[in-house]
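Those letters in the sequence shown? Residues 753 to 785, by our numbering.
Don't be surprised by glycine CBs; every beta carbon is placed ideally from N, CA and C.
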Amino acid sequence: MAGKEKPKSETKKVAQKSLKEKRKEKKEKAKNK
Numbered sequence: 753m754a755g756k757e758k759p760k761s762e763t764k765k766v767a768q769k770s771l772k773e774k775r776k777e778k779k780e781k782a783k784n785k
């Protein structure tokens, strides 16, 4: 059971990372405009 909790936190971290990346891309696109 404990092993199931770890992957969840891992995916959460990945999701937060991807969110930051998306925000960065948006800022870059806004700069290019």
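T763 versus K774 - alpha carbon distance: 16 angstroms
In whole angstroms, what separates the C-alpha of K781 from that of L771? 15 angstroms
What does the alpha-carbon distance come out to for the pair A767 and K778? 16 angstroms
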